[in-house]
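Here the sequence shown is numbered in full-length UniProt numbering, starting from 1 and rising by one per residue. For every residue, glycine included, the Cβ atom is placed at its ideal position computed from N, Cα and C. Read through the structure below, which is laid out as structure tokens, and then see the notes.
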Amino acid sequence: MQEIQPDGRYTYIYADQDSYEPLAQVQDLTTEDGESCQQTHYFHCDQIGIPREMTDKDGKLLWFGNYTGWGRLKEETKVTDSAYQPFRLQNQYADRETGLHYNFFRYYEPDAGRFVNQDPIGLEGGKNFYSYSSNTTKWIDIHRIMC
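Quick look at the structure:
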């Protein structure tokens, strides 16, 4: 995945081709002197793929966060102002403008612990079309279409 922000272009590298666990973030930016440079930051995820820390190439801590059971970032510490970490629960992308988390097929509201869109697979995902999961620390559905 790649995105462009005011402070540069971010490219994300994942643990493997079938994984949605972020491994690294490569930032292409322009320095105050007008020179192009590249910085690589590394994600440190927990057992279910949620980013807990981000470090630079030397292992220096840049960012760390703690989440509620439903994925809302309850505490975030940016050791440097340049740290940018947009991921939440397994590859949920945090939208700064809405506060929602984007999954590939629908949006998730972390304060409510529910999706705002119906489950695209209908009843195969359960009777409640908007539920997330009854066990957020054990069950994983990287596409968010089964639980």
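Here the region 88-103 makes contact with the region 43-51; the two share three or more CB pairs at distances below 8 Å. Here the alpha carbon of glycine 8 sits roughly 7 Å from the alpha carbon of threonine 30.
In the DSSP assignment, methionine 54 forms a beta bridge with Phe43 and Trp63. Taking 9 Å as the cut-off, the beta carbon of phenylalanine 115 is found no closer than this to the beta carbon of glutamine 85. Per DSSP, reduced to three states, the secondary structure at phenylalanine 115 is strand.
In the DSSP assignment, no residue is bridged to leucine 100. Under the DSSP assignment, tyrosine 12 falls in the beta strand (DSSP E) whose first and last residues are 8-14. With 16 or more other Cβ atoms from the protein chains shown falling within 10 Å of its own Cβ, glycine 71 counts as buried. Taken atom to atom, the span from the alpha-carbon of glutamate 75 to that of asparagine 66 is near 5 Å.
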